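Peer 1: Quick one: structure below, then a few questions.
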Amino acid sequence: DQQVKQNSPSLSVQEGRISILNCDYTNSMFDYFLWYKKYPAEGPTFLISISSIKDKNEDGRFTVFLNKSAKHLSLHIVPSQPGDSAVYFCAASVLNSGNTPLVFGKGTRLSVIA
Amino acid sequence: GAVVSQHPSWVICKSGTSVKIECRSLDFQATTMFWYRQFPKQSLMLMATSNEGSKATYEQGVEKDKFLINHASLTLSTLTVTSAHPEDSSFYICSARGQGSDNSPLHFGNGTRLTVT
Chain Z
51 DQQVKQNSPS LSVQEGRISI LNCDYTNSMF DYFLWYKKYP AEGPTFLISI
101 SSIKDKNEDG RFTVFLNKSA KHLSLHIVPS QPGDSAVYFC AASVLNSGNT
151 PLVFGKGTRL SVIA
Chain V
15 GAVVSQHPSW VICKSGTSVK IECRSLDFQA TTMFWYRQFP KQSLMLMATS
65 NEGSKATYEQ GVEKDKFLIN HASLTLSTLT VTSAHPEDSS FYICSARGQG
115 SDNSPLHFGN GTRLTVT
């Protein structure tokens, strides 16, 4: 049973437009969420995170929105650039429960077309 | 920021042989490291939690005798795939947090692509 779901395996966006990647979770204990970016044959790189006390966190072109009641979060990238083309993973964990691992979604492959 | 180094980045081995993958924290001490595995088009699945100086904790369905984990120091954890079979072919990634920061993001190594022929 997947606790973190990314239902869109792929997404194509024109350069300069907004990319919206979605993520749903089922475990109501999760209170810390992260987005990672991954290039082929490399490990994931941390992008941005949000804790459940917030509903929005912004860092440059990247903004993460959290809707706790819907158990849904999204990553907005604007403007999208060709270098953003990668697989994006949503991850979740429970804060203050010790050094716990992250639970990942299956990822969404973003292609930004020039 | 915290850097995690993983070696080798890729390895091809024959069925029945063993392969050792190293994971090092380069600029911090990691009492805990996590080993993940990723099959094509699948999520990163946690295999085990490696604890310095004690036995690893394995996730359900992961054979501890097949995937040997040793975390002998605060900067090194190793994963040995013993008697490898073609179905063990996968992308193995280790990760860790900086020491004393349980809530910080995990930092990942670059992964090891294992192909068993």
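Residue numbers (our numbering), protein chains in the order written: chain Z, 51 to 164; chain V, 15 to 131.
Yeah, the Cβ is synthetic: ideal placement off N, Cα and C, and Gly gets one too.
Bear in mind the structure is a predicted one, so any value in this text is a computation, not a measurement.
1. Just to confirm the assignment, what range does the beta strand (DSSP E) spanning Val33 of chain V have?
2. At what residue ranges does the stretch 31–106 of chain V contain a whole run of the beta strand (DSSP E), taking only runs of 3 or more?
3. So with CB distances below 7 Å, who are the chain V contacts of Leu152 of chain Z?
4. Ordered along the chain, which non-local residues of its own chain (more than five positions away) have a Cβ less than 7 Å from that of Glu65 of chain Z?
5. What residues in the stretch 86–102 of chain Z have a beta carbon less than 7 Å from any beta carbon of chain V?
6. Short of 8 Å in beta carbon distance, which residues of its chain neighbour Lys55 of chain V, apart from the five on each side in sequence? Order them along the chain.
7. Spatial neighbours of Ile70 of chain Z within its chain, please: CB distance less than 7 Å, with the 5 preceding and 5 following residues excluded, ordered by chain position.
8. Confirm, please, whether the CB-CB distance from Met47 of chain V to Ser29 of chain V is below 7 Å.
9. Please state whether the Cβ-Cβ distance between Ala142 of chain Z and Val153 of chain Z is less than 7 Å.
10. To the nearest angstrom, report how far apart Trp49 of chain V and Tyr86 of chain Z are at their CA atoms.
11. List the whole-angstrom C-beta distance separating Gly157 of chain Z from Val137 of chain Z, where the pair is believed to meet the contact cut-off of C-beta under 8 Å.
12. If we cut at 7 Å on Cβ distances, does Leu84 of chain Z have a partner in chain V?
13. Where does Ser67 of chain V land, buried or exposed, given buried means 16+ other C-beta within 10 angstroms?
14. Give the secondary structure of Asp134 of chain Z by DSSP, where H, G and I count as helix, E and B as strand, and everything else as coil.
15. Exposed or buried, what is Gln20 of chain V when buried is set at 16 or more other beta-carbons lying within 10 Å of its beta-carbon?
16. Count the other CB atoms within 10 Å of the CB of Pro151 of chain Z; is the residue buried (16 or more) or exposed (fewer)?
17. Let me see if you follow: with CB-CB separation under 7 Å, is Asn107 of chain Z close to chain V or not?
18. Strictly by DSSP, which residues pair up with Asp74 of chain Z?
19. Classify Val59 of chain Z as buried or exposed, calling it buried when 16 or more other Cβ atoms lie within 10 Å of its own Cβ.
20. Using a C-beta to C-beta distance shorter than 9 Å, which residues of chain Z count as neighbours of Thr63 of chain V?
21. From the DSSP output, in three-state form, read off Phe83 of chain Z for me.
Peer 2: The answer reads as follows:
1. Numbered from its first residue, the second sequence carries residue 33 of chain V at position 19. First-last of the beta strand (DSSP E) with Val33 of chain V: 33–39.
2. For the stretch 31–106 of chain V, whole beta strand (DSSP E) runs of length 3 or above, ordered along the chain, are 33–39, 46–52, 58–65, 81–87, 90–95.
3. Here residue 152 of chain Z refers to the residue found at position 102 of the first sequence. By Cβ distance, chain V contributes Leu120.
4. Here residue 65 of chain Z is taken as the residue at index 15 of the first sequence, counted from 1. Cβ-Cβ distances below 7 Å link Glu65 of chain Z to Ser130, Gln131, Pro132, Val162, Ile163, Ala164 in the same chain, with the five nearest sequence neighbours on each side left out; the list follows chain order.
5. Here the close residues are Ala91, Glu92, Gly93, Pro94, Phe96, Ser99.
6. Position 41 of the second sequence, counting from 1, holds the residue named residue 55 of chain V. Answer for Lys55 of chain V: no residue qualifies.
7. Mapped onto the first sequence, residue 70 of chain Z falls at position 20. Within its own chain, the residues whose Cβ lies closer than 7 Å to the Cβ of Ile70 of chain Z, once the five positions on either side in sequence are excluded, are Ser124, His126, listed in chain order.
8. For the purposes of this step, residue 29 of chain V is taken as the residue at position 15 of the second sequence. For the purposes of this step, residue 47 of chain V is taken as the residue at position 33 of the second sequence. Contact annotation: Ser29 of chain V and Met47 of chain V have beta-carbon atoms that are not nearer than 7 Å.
9. Position 92 of the first sequence holds residue 142 of chain Z. Position 103 of the first sequence holds residue 153 of chain Z. Cβ distance < 7 Å, so Ala142 of chain Z and Val153 of chain Z count as in contact.
10. Counted from its first residue, the second sequence places residue 49 of chain V at position 35. Counted from its first residue, the first sequence places residue 86 of chain Z at position 36. Rounded to the nearest angstrom, the gap between the Cα atoms of Trp49 of chain V and Tyr86 of chain Z is 16 Å.
11. Stepping through the first sequence from its first residue, residue 157 of chain Z is reached at position 107. Stepping through the first sequence from its first residue, residue 137 of chain Z is reached at position 87. Confirmed, Cβ separation roughly 4 Å.
12. Looking up residue 84 of chain Z in the first sequence gives position 34. Interface residue (Cβ-Cβ distance to chain V less than 7 Å): Leu84 of chain Z is classified as such.
13. Looking up residue 67 of chain V in the second sequence gives position 53. Reading off the sequence, residue 67 of chain V comes out as Gly, not Ser. Gly67 of chain V comes out exposed.
14. Counting from 1 along the first sequence, the entry for residue 134 of chain Z is found at position 84. DSSP, read as helix, strand or coil, puts Asp134 of chain Z in helix.
15. On the second sequence, position 6 is the one that residue 20 of chain V refers to. Gln20 of chain V counts as buried, since at least 16 other C-beta atoms from the protein chains shown sit within 10 angstroms of its C-beta.
16. Position 101 of the first sequence, counted from the start, is the residue given in the question as residue 151 of chain Z. The residue is buried, with at least 16 neighbouring Cβ atoms inside 10 Å.
17. Residue numbering aside, residue 107 of chain Z sits at position 57 when the first sequence is read from its first letter. Under the 7 Å criterion on CB atoms, Asn107 of chain Z is classed as non-interfacial with respect to chain V.
18. The count along the first sequence starts at 1 and reaches residue 74 of chain Z at position 24. Beta bridge pairing from DSSP links Asp74 of chain Z with Z:Lys55, Z:His122.
19. Translated into positions along the first sequence, residue 59 of chain Z becomes position 9. What sits at residue 59 of chain Z in the sequence shown is Pro, not Val. Exposed, because fewer than 16 other Cβ atoms sit within 10 Å of the Cβ of Pro59 of chain Z.
20. Locating residue 63 of chain V in the second sequence gives position 49, counting from the first residue. Scanning chain Z for C-beta atoms nearer than 9 Å to the C-beta of Thr63 of chain V yields Asn149, Thr150, Pro151, reported in chain order.
21. Counting from 1 along the first sequence, the entry for residue 83 of chain Z is found at position 33. Strand, per DSSP.
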